[in-house]
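Sequence order for the protein chains is A and S.
Residue 59 in our numbering is what sits at position 59 of the first sequence, and the numbering runs on without skipping anything.
Convert by adding 1000 to the 1-based position in the second sequence; the result is the number in our numbering.
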Amino acid sequence: AQRVTQPEKLLSVFKGAPVELKCNYSYSGSPELFWYVQYSRQRLQLLLRHISRESIKGFTADLNKGETSFHLKKPFAQEEDSAMYYCALIQGSYNTDKLIFGTGTRLQVFP
Amino acid sequence: GAGVSQSPSNKVTEKGKDVELRCDPISGHTALYWYRQSLGQGLEFLIYFQGNSAPDKSGLPSDRFSAERTGGSVSTLTIQRTQQEDSAVYLCASSRGPGETQYFGPGTRLLVL
Chain A
1 AQRVTQPEKL
11 LSVFKGAPVE
21 LKCNYSYSGS
31 PELFWYVQYS
41 RQRLQLLLRH
51 ISRESIKGFT
61 ADLNKGETSF
71 HLKKPFAQEE
81 DSAMYYCALI
91 QGSYNTDKLI
101 FGTGTRLQVF
111 P
Chain S
1001 GAGVSQSPSN
1011 KVTEKGKDVE
1021 LRCDPISGHT
1031 ALYWYRQSLG
1041 QGLEFLIYFQ
1051 GNSAPDKSGL
1061 PSDRFSAERT
1071 GGSVSTLTIQ
1081 RTQQEDSAVY
1091 LCASSRGPGE
1101 TQYFGPGTRL
1111 LVL
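Structural data, given as structure tokens:
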């Protein structure tokens, strides 16, 4: 079954420290993976998707098919990065297009 | 342009009552999705609409839940005979089509007493 695992519920770092939010997946086929972010009292929004290979707000994520991982990284965390982060994959077929989410990791960046 | 909007933003109801939640997708988006965000279950898919195709209802947790999308635009999620375990934030999203980025609304927070 398709599944997304985020092993850490909470990750706390100090400003300027590197950040890595872990995401592992199980999927039969070629996965399409995403990171969504939800800042306090804001709606869920796309941070990045692996096919675009962009760096958004300093965050990057590389798809590692061998390790079935899509970890989110940032070299120097900022206080404004504090938020809830969700890794997700799309289960797409001829009649569906749903996102399967991990349970999320709360990132706290202390000053 | 305007993003996905949902109403009401909060809804408190008594166990056993019916509720209707509304979603207005981004104009021109053909795909519409409902998800549920709850403490115990995280973010779960409920239902997916794409154009005039039959919806994917595989995520609806029971037959008390139903949804429709009128005219390919506005969608309504209905929960009949609400139970306390239905308490959650119900999120709507829309996209330009399958595989495209899904844009989320602010959610409706439902509390069943």
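Yeah, the Cβ is synthetic: ideal placement off N, Cα and C, and Gly gets one too.
Contact check between the stretch 1021–1029 of chain S and the stretch 1086–1104 of chain S: three or more CB pairs, one atom from each, fall below 8 Å, which counts as touching. Relative to ARG1064 (chain S), the option among S:PRO1106, S:LEU1077, S:SER1053 whose CA is nearest is S:LEU1077.
Nearest to TYR25 (chain A) by C-alpha distance, out of A:GLN6, A:ALA77, A:HIS50, A:TYR36, is A:GLN6. For the beta strand (DSSP E) assignment, the uninterrupted runs of no fewer than 3 residues enclosed by the stretch 10–54 of chain A are, from N- to C-terminal side, 10–14, 19–21, 24–26, 33–38, 45–49.
Shown here for GLU8 (chain A): same chain residues with a beta carbon closer than 8 Å to its own, the five before and five after excluded, namely LEU21, LYS22, THR105 in chain order.
ASN1052 (chain S) and LYS98 (chain A) have their C-alpha atoms roughly 17 Å apart. Linking GLU1100 (chain S) to GLU32 (chain A) through their CA atoms gives a straight-line distance of about 11 Å.
In the DSSP assignment, GLN1037 (chain S) is bridged to S:LEU1043, S:VAL1089. Here LEU1043 (chain S) has TYR1035, GLN1037 as same chain residues with Cβ atoms under 6 Å from its own Cβ, once five neighbours each way along the sequence are excluded. DSSP, reduced to helix, strand and coil, places THR1078 (chain S) within a strand of the structure shown. Put simply, the backbone Cα of SER1007 (chain S) is about 32 Å away from that of HIS50 (chain A). With its beta carbon at least 8 Å from every one in chain S, LEU107 (chain A) lies outside the interface. If you draw a straight line from the Cα of SER1062 (chain S) to the Cα of PRO1055 (chain S), it is about 16 Å long. Nearest to ALA1002 (chain S) by C-alpha distance, out of S:ASN1010, S:VAL1019, S:GLN1050, S:GLY1105, is S:GLY1105.
Going by beta carbons, SER12 (chain A) and PHE76 (chain A) fall outside the 8 Å limit. Counting other Cβ atoms within 10 Å of its Cβ, GLY66 (chain A) stays below 16 and is therefore classed as exposed. Spatial neighbours of ARG1109 (chain S) in its own chain (CB-CB distance under 6 Å, excluding positions within 5 residues in sequence) are listed in chain order as ASN1010, VAL1089. Residues are counted here when their Cβ sits less than 9 Å from a Cβ of chain A; for the stretch 1016–1034 of chain S these are ALA1031, TYR1033, given in chain order.
Annotation: THR1082 (chain S) to VAL1019 (chain S) spans about 7 Å, alpha carbon to alpha carbon.
When only Cα atoms are considered, TYR1048 (chain S) and TYR1033 (chain S) end up about 5 Å apart.
Judged by DSSP in its simplified three-state form, GLY104 (chain A) adopts coil rather than helix or strand.
Along the stretch 1090–1111 of chain S, the positions whose C-beta sits under 9 Å from a C-beta of chain A are LEU1091, ALA1093, SER1095, GLY1097, PRO1098, GLY1099, GLU1100, THR1101, GLN1102, TYR1103, PHE1104, GLY1105, PRO1106, GLY1107, read in chain order. Going by DSSP, PHE70 (chain A) is part of no beta strand (DSSP E) at all; its letter is neither H nor E.
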